[in-house]
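Quick notes on the structure that follows.
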Amino acid sequence: AQSVSQHNHHVILSEAASLELGCNYSYGGTVNLFWYVQYPGQHLQLLLKYFSGDPLVKGIKGFEAEFIKSKFSFNLRKPSVQWSDTAEYFCAVGAGGGADGLTFGKGTHLIIQP
Amino acid sequence: DTAVSQTPKYLVTQMGNDKSIKCEQNLGHDTMYWYKQDSKKFLKIMFSYNNKELIINETVPNRFSPKSPDKAHLNLHINSLELGDSAVYFCASSQGPIGELFFGEGSRLTVL
Numbered sequence: 077a078q079s080v081s082q083h084n085h086h087v088i089l090s091e092a093a094s095l096e097l098g099c100n101y102s103y104g105g106t107v108n109l110f111w112y113v114q115y116p117g118q119h120l121q122l123l124l125k126y127f128s129g130d131p132l133v134k135g136i137k138g139f140e141a142e143f144i145k146s147k148f149s150f151n152l153r154k155p156s157v158q159w160s161d162t163a164e165y166f167c168a169v170g171a172g173g174g175a176d177g178l179t180f181g182k183g184t185h186l187i188i189q190p
Numbered sequence: 002d003t004a005v006s007q008t009p010k011y012l013v014t015q016m017g018n019d020k021s022i023k024c025e026q027n028l029g030h031d032t033m034y035w036y037k038q039d040s041k042k043f044l045k046i047m048f049s050y051n052n053k054e055l056i057i058n059e060t061v062p063n064r065f066s067p068k069s070p071d072k073a074h075l076n077l078h079i080n081s082l083e084l085g086d087s088a089v090y091f092c093a094s095s096q097g098p099i100g101e102l103f104f105g106e107g108s109r110l111t112v113l
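Spelled out as structure tokens, the structure:
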């Protein structure tokens with residue numbers, strides 16, 4: 077089964093700072109990759125996804141992520157964060173025959189200070 | 002209309018009771034899931050159903066049983082509730098088992 081590792085469990089940034097959240101997965105075959113966001117007290121919403129094609133994908137709210145196959149990574153980036161980006165961010169992987177569904181990382185709690 | 006809806010949103014109950022959480026999706030998806038999110042926000046898949054067949058059953062206690070009357074519904078029934086069952090339970094659906102997941106708003110279960 078695949079696994080997903082998010083390196084930063086808690087990140088604190090000031091507004092306008094740049095953001096990069098790391099995500100690595102372990103699976104040697106074709107993967108579908110996702111980043112989800114969970115605002116306080118809410119459900120998970122999709123930020124962006126990668127299935128194939130251009131490895132640099134753009135999502136909602138100015139987020140983007142780059143798939144680097146050789147590094148098994150799918151890092152999330154945003155050039156300038158806002159206070160409203162405070163949330164929990166989850167990387168997820170769908171792989172293989174799909175019998176395992178999507179596997180989620182443990183999440184990164186992002187706090188943006190005004 | 003809410004794409005994935007689950008009820009109730011909040012559930013407070015005593016240990017030993019039996020409870021159910023209902024989930025419905027109107028997206029026409031063929032796969033539905035239940036995830037458990039613990040107090041540390043860790044998401045763990047519990048079950049998924051594809052065309053009314055269980056295709057994943059993680060190492061969850063058999064006190065938890067999913068029931069799917071049709072492909073638009075996946076309910077979760079929990080017997081003999083324990084303190085450790087307190088969590089937020091999310092229903093989700095997708096088209097295919099590794100497609101984008103659409104989540105419900107969650108059901109916060111508190112066992113006293």
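Going line by line, the protein sequences match chains V and W. Just add 76 to wherever you are in the first sequence, counting from 1, and you've got our numbering. Just add 1 to wherever you are in the second sequence, counting from 1, and you've got our numbering. Every residue, glycine too, gets a C-beta built ideally from N, C-alpha and C.
Taking the alpha-carbon positions, what's the residue i to residue j distance?
i: G85(W); j: L44(W); result: 15 Å
i: R64(W); j: V13(W); result: 18 Å
i: Q189(V); j: L55(W); result: 44 Å
i: W35(W); j: Y115(V); result: 20 Å
i: T179(V); j: M33(W); result: 15 Å
i: Y101(V); j: Q78(V); result: 7 Å
i: S21(W); j: E106(W); result: 16 Å
i: K37(W); j: V61(W); result: 10 Å
i: G135(V); j: N108(V); result: 15 Å
i: V5(W); j: G104(V); result: 32 Å
i: F104(W); j: L122(V); result: 9 Å
i: S40(W); j: L132(V); result: 33 Å
i: I46(W); j: V112(W); result: 20 Å
i: S128(V); j: F150(V); result: 13 Å
i: T184(V); j: N51(W); result: 30 Å
i: H119(V); j: Q7(W); result: 11 Å
i: E59(W); j: G177(V); result: 11 Å
i: G170(V); j: I187(V); result: 27 Å
Residue i and residue j look like a contact to me (Cβ under 8 Å); what is the Cβ gap, rounded to whole Å?
i: A73(W); j: Q26(W); result: 6 Å
i: L75(W); j: S69(W); result: 5 Å
i: K10(W); j: R109(W); result: 7 Å
Would you say residue i faces chain W, with C-beta separation under 8 Å as the test?
i: E216(V); result: With chain V represented from 77 up to 190, any question about residue 216(V) goes unanswered, as that position is not in the structure.
i: H23(V); result: For chain V, the structure presents residues 77 to 190; residue 23(V) sits outside this window and is missing.
i: F180(V); result: yes
i: L195(V); result: As shown, chain V starts at 77 and ends at 190. That puts residue 195(V) outside it, with no answer to give.
i: F139(V); result: no
i: G135(V); result: no
i: L123(V); result: no
i: F110(V); result: yes
i: G183(V); result: yes
Measure from the C-beta of residue i to each C-beta in chain V and report whether the shortest distance is under 8 Å.
i: Y34(W); result: yes
i: S49(W); result: yes
i: I79(W); result: no
i: F65(W); result: no
i: I22(W); result: no
i: K42(W); result: yes
key: Cβ pair count under 8 Å reaching 3, the stretch 134-144 of chain V against the stretch 81-94 of chain V   = no
message = With a threshold of 8 Å, are at least 3 pairs of Cβ atoms found where one atom belongs to the stretch 77-84 of chain W and the other to the stretch 93-104 of chain W?
response = no
key: Short-range partners of chain V found in the stretch 95-112 of chain W, where Cβ spacing is below 9 Å   = S95, G97, P98, I99, G100, E101, L102, F103, F104, G105, E106 and G107
ask   = Do the stretch 157-164 of chain V and the stretch 4-20 of chain W make contact, defined as three or more Cβ pairs closer than 8 Å?
value = With the cut-off at 8 Å, the stretch 157-164 of chain V and the stretch 4-20 of chain W do not touch.
Members of the stretch 85-108 of chain V near chain W, C-beta cut-off 7 Å = N108
ask   = In the stretch 147-171 of chain V, which residues sit with their C-beta less than 9 Å from some C-beta in chain W, listed in chain order?
value = Listed by position, the residues of the stretch 147-171 of chain V near chain W (Cβ gap below 9 Å) are E164, F166, A168, V169, G170 and A171.
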